[in-house]
Amino acid sequence: MLRIMACLVLALSLAVPATLHADDGVVVTVTGRVGKPNRSPFDSFSDGFFAHYDISFGKAHAFSRQDLERLGMHSIVLSYPNWSKPVTFRGPRLAAVLAAAGAAGDKISVQALDGYVAEFPGGFAKNAQVILAIEADGHPLGVGGRGPAWLVFPRDLQPEKVDDAGLVWAVFHIKVE
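Okay, so the sequence shown: first residue is 6 according to the numbering used here, each after it adds one.
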């Protein structure tokens, strides 16, 4: 009987997605058309920061820094006219982040902690040079600087922009529609 109970507990734990808690170190959450949710739906009390921005969701995939590192770290060196020097960024490709969440759609909205949102067509993430950086010049991106994550890509992917607009720093939320 004990053996049957142990097998049942194991089977249930594999069948139900893990629920993340704040102490798991979540830095970025993908919402919207998410096919591989790994956290509970929106809760107005527990998800106070999302509630502050009127963001609610039924399905979401939350990523810790370690989760993002496991997706494969890629480097890109960027320089923009309003920057003092070139910067070397490291992080997973945005396409890998969205694939891990099972997220696909026609529009991607990337939101920063201060509320800034940049929107991109769904196919934008397929470009291998679009990176969700978690390091800059060998240092982890932290809150209070430009972290926890920074969406970066070369200027030629948005030729109509003359500065670094669209490079969303302090990213905490990505919505796929």
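Virtual Cβ for every residue (Gly too), placed ideally from N, Cα, C.
Would you kindly work out how many angstroms separate the C-alpha atoms of residue i and residue j, rounded to a whole number?
i    : j    : result
H26  : F50  : The predicted model places H26 with a pLDDT of 40, which falls under 50 and marks its position as unreliable, so this point remains unresolved.
K131 : A100 : 5 Å
G152 : R44  : 22 Å
Around the C-beta of residue i, are 16 or more other C-beta atoms found within 10 angstroms, so that it is buried, or is it exposed?
i    : result
E140 : buried
P88  : It should be pointed out that residue 88 corresponds to Trp in this sequence rather than to Pro. With fewer than 16 Cβ atoms within 10 Å of its Cβ, W88 is classed as exposed.
Going by C-alpha to C-alpha distance, which of the options sits closest to residue i?
i    : options                : result
R38  : R75, S45, F68 and K112 : K112
L156 : G110, G147 and V135    : V135
G40  : A104, D48 and A56      : A104
D119 : P97, F177 and A138     : F177
V33  : V148, F94 and F158     : V148
S61  : F47, D72 and F54       : F47
V184 : Y58, G53, V92 and D72  : This structure leaves residue 184 out entirely; the chain is present only between 6 and 182.
Which first and last residues belong to the alpha helix (DSSP H) in which residue i is found?
i    : result
V185 : This structure gives no information on residue 185, because the portion of the chain shown stretches from 6 to 182.
G53  : G53 to H57
Under 8 Å by Cβ, that's how I've got residue i and residue j pegged, so tell me the actual separation to the nearest angstrom.
i   : j   : result
R98 : A67 : That pair is no contact at about 18 Å.
How far does the beta strand (DSSP E) with residue i in it extend, from its first residue to its last?
i    : result
E124 : V122 to P126
Hey, would you say the C-beta of residue i is under 6 Å away from at least one heavy atom of the ligand NAP?
i   : result
L99 : For the ligand NAP, the structure offers nothing, since it holds no ligand at all.
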